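Residue numbers (this note's numbering): 1276 to 1444.
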Amino acid sequence: MPIISHDTLIKVAHAIGGEKAAKIMEVLSQNEELTEDEIVSKTGIKLNDVRKILYRLYELSLVGLRRVRSTNTGWFTFYWRAQLDQVEGFIISQKRRILEKLEERLKYEESHSFYYCHTPGCKRLSFEEATEYLFRCPKCNKPLVFYDNSKIIEAIKKKIEKIKSELNG
């Protein structure tokens, strides 16, 4: 597997947990292992937020941990590390999930006719919904006219092809 770039790693963390997660991943990627307290001191993020984000990243296997019990207190100290080798797998699984949703959406778009009043803020309705409202917009009461969704279908197909080529390439 190719090594994920530093930028990609930070973007993935940001997508998962925002700016704070990106900061945490940044410091983890520059160090072999860090305790929660060390992460707090290097990022300025509150301990509770650091813990929430670390556990979220841990659930996704993007960070790993090692715990060591103190012989004096019996308390555990957690040493956190970035798991760069897991990022590509995470990205691939997210792309597959998106692909599945796009394919469902494509099927929906291709199997329905839509009607719209062409008023900003109003939504388009399926034929079934339009008949319920006697082809009048439920929001503004303007007449509903056929809505050509061929551009939407084309855009979804292009996105599906792009993701498929990324997954196969």
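Glycine is no exception: its CB is placed at the ideal position from the N, C-alpha and C atoms.
This structure is a prediction, so every number in the text was calculated from the model and none was measured.
Proximity of residue i and residue j at Cβ, strictly below 8 Å
{"i": "TYR1354", "j": "PHE1389", "result": "no"}
{"i": "GLU1379", "j": "ILE1428", "result": "no"}
{"i": "LEU1381", "j": "ILE1431", "result": "yes"}
{"i": "ILE1328", "j": "GLY1292", "result": "yes"}
{"i": "GLU1441", "j": "LYS1376", "result": "no"}
{"i": "LEU1419", "j": "ARG1411", "result": "yes"}
{"i": "ALA1290", "j": "LEU1332", "result": "no"}
{"i": "GLU1308", "j": "ARG1326", "result": "no"}
{"i": "VAL1362", "j": "VAL1287", "result": "yes"}
{"i": "LEU1359", "j": "ILE1279", "result": "yes"}
{"i": "SER1316", "j": "HIS1281", "result": "no"}
Neighbour-count burial assignment, residue i, 16 or more Cβ in a 10 Å radius
{"i": "LYS1414", "result": "exposed"}
{"i": "LEU1335", "result": "buried"}
{"i": "LYS1373", "result": "Looking at the sequence provided, one finds Ile at residue 1373 rather than Lys. Exposed, since its Cβ has fewer than 16 Cβ neighbours within 10 Å."}
{"i": "LEU1284", "result": "buried"}
{"i": "MET1276", "result": "Interpretation of MET1276 is limited by its pLDDT of 42, a score under 50 that renders its predicted location unreliable; no figure is taken from the coordinates."}
{"i": "ILE1367", "result": "exposed"}
{"i": "LYS1298", "result": "buried"}
{"i": "THR1352", "result": "exposed"}
{"i": "THR1318", "result": "buried"}
{"i": "ASN1443", "result": "exposed"}
Beta-carbon separation (whole angstroms), residue i vs residue j, contact threshold 8 Å
{"i": "VAL1343", "j": "ALA1357", "result": "19 Å between Cβ atoms; not a contact."}
{"i": "LYS1426", "j": "THR1394", "result": "Actually they do not touch by this definition, with Cβ atoms about 19 Å apart."}
In DSSP terms, what residue i is bridged to
{"i": "PRO1413", "result": "PRO1413 pairs with nothing; no bridge assigned."}
{"i": "TRP1355", "result": "LEU1309 and LEU1340"}
{"i": "PHE1389", "result": "SER1401 and TYR1422"}
Test: residue i CB closer than 8 Å to a CB of chain D
{"i": "TYR1391", "result": "Although the question refers to chain D, the structure presented lacks it and comprises just one protein chain."}
Beta strand (DSSP E) segments (min. 3 residues) lying fully within the region 1391–1436:
If we require 3 residues or more, the beta strand (DSSP E) runs fully inside the region 1391–1436 come out as 1420–1422.
Which ranges does the alpha helix (DSSP H) cover as unbroken runs of at least 4 residues, wholly within the region 1313–1339, from first to last along the chain?
With a minimum length of 4 residues, the continuous alpha helix (DSSP H) runs that stay inside the region 1313–1339 are 1322–1334.
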